[in-house]
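This report concerns only the one structure given below.
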Amino acid sequence: MREETDRPRSGDDDAERRALERAAYGRDGGLDAAAALRLEELQAERRRTALSASEEPATSAPPDPGGAKEVADALPEPEKGPVAEHAAPEDTEDVSASEAPAANRRGLVPVLVASAALLAIGVGAGWALFAPRPDAFPLTEAQEDRRIELAGEDYDPGSVRPVGEAEGALAWFATQDDGATRCLILDVGADSQSTCLAGEEVGTGLYASLPVPVSSADDEESSFSFDSVTAVMLFSTTDEPMVSIQRWGGSSTLVAQFGEAERARAEELVGDGYDLNLSVLGSFREQPVWLGDRSTESGPSQRCLIVDADGSRQCATIDEAVQSGLRVQLLDVDQETGELLSASVIEVDFTRWQTPYLTVTSGPAVVDAATGESYLVTTGPPGDPIRVDIPGRDPEG
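Position 159 of the sequence shown, counting from 1, maps to 139 under the working numbering, and the rest follow consecutively.
Here it is, written out as structure tokens:
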């Protein structure tokens, strides 16, 4: 046992322990079961070694000074006689010196035990904070119903799970195509927005955002205010999803951002219910093209493309609009003959960060004699005609 106690700790073990501790407690850290068990063994060995070293004075008696025994033998033996009941020790200094090491050792043991307990708590806390947690928090009954609903959609079986909840929003992670595609789903009340990207494209993260009306509005002007709840999902070194949910305040008034020429029209649209989000994307025939969000009496909010040139509108849920875009058509018809002269398609699509961009395509319109469907023709880079179907065209006129 003496040989084992005096053996120095291996430098390789120390290096391995420090590496495992960095992996467990560092940012985005996490260990698998085998690595966690190995770390526990190394830390336990380190504590045992430290405890053995602290007890070294008790197990190793100091060497006998030279000649001490001979001097003691030469002294006359003291006479044995009665000792006073309350007599003080002959040499209090010697008694204190002999008892001090034992007292120090007794005081040291609780300190070492407490230190070991704190170290064990630290290991447990680090594992709890940084290890993957598939069941991060319990779901309410309504949230569990939502999980079942999402599981029935186009996601891999068993892949839908909650990953974050804040600001009245719940973020979900799911996969598609047998894990090749990763998805973020953001729920705020009845509204939902999802973003999916192939695994090799998620380096900069997944992003989702939903507008939220300001519930504290108490006057006509502030009733136009809105907030935006956003979620950004990144992935740790162990490929676990991590999500940040934040709420951002909108402008003090929704119409304050527009110039004088657009403000009156903006107030009309807000009065029509587009009080969650409203912006001008561009213009068509010198009239503004708007993008606005509005809540509904039942169901999710809608995002609408509004073209003032002829009053056309197309609406879809925010999730559908972000995924597929929005588009409307404008047809030019000869007022005398009724002949279709030209057509324009105004469409808005969204980047992966949900930034909208407007595209306008115009050209001569052609009516398919067999089906009665209309389409416009534009010219591609080589000069070849390109058919662009006109969305929502009623062949009956």
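By construction, the Cβ of each residue, glycine as well, lies at the ideal position given by its N, Cα and C atoms.
(Q) Which runs of the beta strand (DSSP E) at least 3 residues long sit entirely within the segment 296 to 344? Give them in chain order. (A) 306 to 313 and 320 to 330
(Q) Classify L109: buried if its beta carbon has 16 or more other beta carbons within 10 angstroms, exposed otherwise. (A) Walking along the sequence shown from the start, residue 109 turns up at place 129. Residue placement at L109 is flagged as unreliable, the pLDDT there being 34, under the threshold of 50; the coordinate-derived value follows with that caveat. Burial call: exposed.
Q. What are the start and end residues of the alpha helix (DSSP H) that includes A244?
A. Residue mapping note: residue 244 aligns to position 264 of the sequence shown, counting from 1. From DSSP, the alpha helix (DSSP H) with A244 extends over E240 to G251.
Q: Express the C-alpha separation of R126 and S155 in angstroms, rounding to a whole number.
A: The residue you call residue 155 lines up with position 175 of the sequence shown. The residue you call residue 126 lines up with position 146 of the sequence shown. In the sequence as presented, Ser is not what sits at residue 155; that position holds Thr. Between T155 and R126, the C-alpha separation is close to 16 Å.
(Q) Determine whether the beta carbon atoms of D273 and S174 lie at a separation below 8 Å. (A) By 1-based counting over the sequence shown, the position of residue 273 is 293. By 1-based counting over the sequence shown, the position of residue 174 is 194. Result no, Cβ atoms of D273 and S174 do not sit closer than 8 Å.
Q. Got a sec, what are the start and stop residues for the beta strand (DSSP E) A125 sits in?
A. As a working note, residue 125 is residue 145 in the sequence shown. As written in the sequence, residue 125 is Asp, which differs from the Ala given in the question. No beta strand (DSSP E) contains D125, which is instead part of the alpha helix (DSSP H) from E121 to A131.
(Q) Am I right that F429 and V192 are in contact with their C-beta atoms under 8 Å? What's the rounded C-beta distance? (A) Here the chain covers residues -19 to 377 and nothing more, so residue 429 does not appear.
Q. Mind checking if A30 is an interface residue toward chain D, Cβ cutoff 8 Å exclusive?
A. The structure shown contains no chain D; it holds only a single protein chain.
(Q) Taking its Cβ as the centre, do 16 or more other Cβ atoms sit within 10 Å of Y337, making it buried, or is it exposed? (A) Translated into positions along the sequence shown, residue 337 becomes position 357. Burial call: exposed.
Q | Beta-carbon spacing of L150, Q123 below 8 Å | A | Locating residue 150 in the sequence shown gives position 170, where the first residue counts as 1. Locating residue 123 in the sequence shown gives position 143, where the first residue counts as 1. Cβ distance < 8 Å, so L150 and Q123 count as in contact.
Q | Short Cβ contact (8 Å threshold) for I326 with F264 | A | Numbered from its first residue, the sequence shown carries residue 326 at position 346. Numbered from its first residue, the sequence shown carries residue 264 at position 284. Contact flag set, yes.
(Q) If distances are taken between C-alpha atoms only, which option among D314, V313 and V287 comes closest to R307? (A) Stepping through the sequence shown from its first residue, residue 307 is reached at position 327. Comparing Cα positions, the closest option is V287.
**Q.** D255 - DSSP class collapsed to helix/strand/coil
**A.** Taking the first residue of the sequence shown as 1, we reach residue 255 at position 275. Residue state, collapsed to three classes: coil.
Q) Is the beta carbon of R162 less than 8 Å from the beta carbon of G183? A) Position 182 of the sequence shown, counting from 1, holds the residue named residue 162. Position 203 of the sequence shown, counting from 1, holds the residue named residue 183. Cβ atoms of R162 and G183: not closer than 8 Å.
Q. With respect to the beta strand (DSSP E) encompassing A188, which residues constitute its N-terminal and C-terminal limits?
A. For this step, residue 188 is matched to residue 208 along the sequence shown. Taken as a continuous stretch (DSSP letters only), the beta strand (DSSP E) holding A188 covers L186 to P193.
Q. Hey, L190 and V168 are a contact pair by Cβ (cut 8 Å); roughly how many whole angstroms apart?
A. The sequence position of residue 190 within the sequence shown is 210, counting from 1. The sequence position of residue 168 within the sequence shown is 188, counting from 1. Sure, about 5 Å apart at Cβ, within 8 Å.
**Q.** Span of the beta strand (DSSP E) around P280
**A.** Here residue 280 refers to the residue found at position 300 when the sequence shown is read from its first residue. Segment: none, P280 is in no beta strand (DSSP E) and carries neither H nor E.
Q.
So, with DSSP's three-state summary, where would you put H66?
A. Against the sequence shown, residue 66 aligns to sequence position 86. Any reading at H66 must be qualified, since the residue scores a pLDDT of 43, below 50, and its modelled position is unreliable; the value itself is stated next. Coil at H66, not helix or strand.
Q) Distance, Cα to Cα, M213 vs G318? A) Position 233 of the sequence shown, counted from the start, is the residue given in the question as residue 213. Position 338 of the sequence shown, counted from the start, is the residue given in the question as residue 318. Between M213 and G318, the C-alpha separation is close to 53 Å.
Q) Cβ of S410 within 8 Å of Cβ of V340? A) In the structure as shown, the chain begins at -19 and stops at 377. Residue 410 is therefore absent and cannot be evaluated.
Q: Compute the distance between the beta-carbons of R332 and L164, then report whether it is under 8 Å.
A: Within the sequence shown, the letter at position 352 stands for residue 332. Within the sequence shown, the letter at position 184 stands for residue 164. Taking 8 Å as the Cβ cut-off, R332 and L164 do not qualify as a contacting pair.
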